[in-house]
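One structure is given below, encoded as structure tokens.
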Amino acid sequence: MTFTCFDFLICINKIYSSETICIYRIAFYYRFLCQPKPKNEFWNDGKAVFELSEIFACERFPNVVTAKDGSIVATWGNKSYQVRRSEDGGKSWEPIITIAEPGFQGGGVIVDENSGDILAFVEEGHPISPFKMYRSKDNGKTWAVEETSLAGDKNGNVPSMHMNEHGITLQFGEKKGRLIRATRNYDGGNNKEFWPNHYTNAIYSDDAGKTWHTSAPFPANGTGEATLTELSDGTIYYNSRRHLSTDVLNPRMRHIAHSKDGGETWEGLYVSEELPDGDQSGDYGLMAGLIRLPIEGHDVLLYSNIVSNDGRNHGTVWASFDGGKTWPVNKLVEEGKFAYSSMTTGRAGTPSEGLIYLFFEGEGEDPKGYSGKMAIFNLAWLTGGKDWEEFFDDY
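Note that full-length UniProt numbering has the sequence shown beginning at 1, numbered continuously upward.
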């Protein structure tokens, strides 16, 4: 039987005229027939989408973001810093743009949601190394170096950019409009002897990237290469790789903390029981991807890493529907080689709408090297066609 909003009103009249009140039925009809369609309806059209292609042939280190116009902007490279763009949702890719040669991917690419500018951080070589900040004012088509300053943390350490998930613009709370990205402190170098003093942190800017401040250290040493995103209440969720444990915490699972002050300090450290950190046969971890989907009223997070005991393979995506507390969904994306990864999501009203983009290091022409691969999918594919809304507590 099909009901309309008009039927609902008649139903209420009949209910009251018969002196029978059925609150449950009234609530049901109102919720499903009379309320306006949610802004996020496009996330659940029921048709599964999955595509996989190679967009870079060699080198490594992925970051991917979505420009304000909906263009997908993929950055890459450990010898030259390269960019590829797609204006049609990933169906085709424009030729490679080389921003810097030599150039080393610093990660943390940020789309400034205030202006539409895109900021990229390019290091001169493998860390520890100086960096330059490049700005694009045309959705990633052209780039120019820009003067910027970076203040050290409370220990006097100026962080390295390498090699973190893309940054974000804060959208909620008192620090709305702030730019922030994950960074790391090498404390002397990348040799194993220095690892006990390594730690992740973040840098943030309140003047569109002209000046940057460094947060307090993440509350665990031996960490590096992190991800962060903002929850709908303004809390920043910080998820870090850990390559060496200096305490009793498990370095093979992701380390989590939160910030209530816009990314200036971190609190509530715990180890995820569901999210693995790289190859489980050793303590080394793996750079991961993380995004929050723009689904109004809910904190849907996606995380990418591997499920493996024998090397970097079996790339997998996890989904959380409660802001990272639990991760009830996971799905294999790539059975073969899968190393560093980065994720972004499409924008409403553009060809990228409703799509998720996973950019990762995959099998390359050189068996010892990588290629840059792009997986494009949607929530219907990730959940196997299941109605993902039933994962919400208020369903």
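Yeah, the Cβ is synthetic: ideal placement off N, Cα and C, and Gly gets one too.
Taking 7 angstroms as the cut-off, the beta carbon of residue 201 is found closer than this to the beta carbon of residue 159. If you draw a straight line from the Cα of residue 344 to the Cα of residue 381, it is about 16 angstroms long.
When C-beta atoms of the stretch 116 to 134 are compared with those of the stretch 95 to 108, three or more pairs fall below 8 angstroms, so the two segments count as touching.
Distance check between residue 172 and each of 264, 232 and 288 places 232 closest, using alpha-carbon atoms only. Annotation: the continuous beta strand (DSSP E) that includes residue 182 extends over 179 to 185. DSSP lists no beta-bridge partner residue for residue 351. Assigned with DSSP and collapsed to three states, residue 266 falls in coil, not helix or strand. In terms of Cβ geometry, residue 66 and residue 347 form a close pair [threshold 7 angstroms]. Contact check between the stretch 300 to 310 and the stretch 70 to 83: fewer than three CB pairs, one atom from each, fall below 8 angstroms, which does not count as touching. Of the residues assessed, residue 86 falls on the buried side of the cut-off, its CB having 16 or more other CB atoms within 10 angstroms.
Within the same chain, 313, 362 and 363 come within 8 angstroms of residue 336 by CB-CB distance, once the 5 residues on both sides are set aside. Annotated as distal: residue 262 and residue 331, with beta-carbon spacing of 7 angstroms or more.
Beyond the five residues adjoining it in sequence on each side, residue 189 comes within less than 8 angstroms, by CB distance, of 128 in the same chain, given in chain order. Pairing residue 359 with residue 342 gives a Cβ-Cβ distance under 7 angstroms. Taking 7 angstroms as the cut-off, the Cβ atoms of residue 219 and residue 143 do not count as close. The beta carbons of residue 228 and residue 182 sit closer together than 7 angstroms. Under the Cβ criterion (8 angstroms, minimum of three pairs), the stretch 271 to 278 does not count as touching the stretch 203 to 215.
Excluding its 5 nearest sequence neighbours in each direction, residue 136 has C-beta neighbours in its own chain below 7 angstroms: 117, 118, 142 and 143, listed in chain order. Under the DSSP assignment, residue 67 falls outside any beta strand (DSSP E); it carries neither an H nor an E label.
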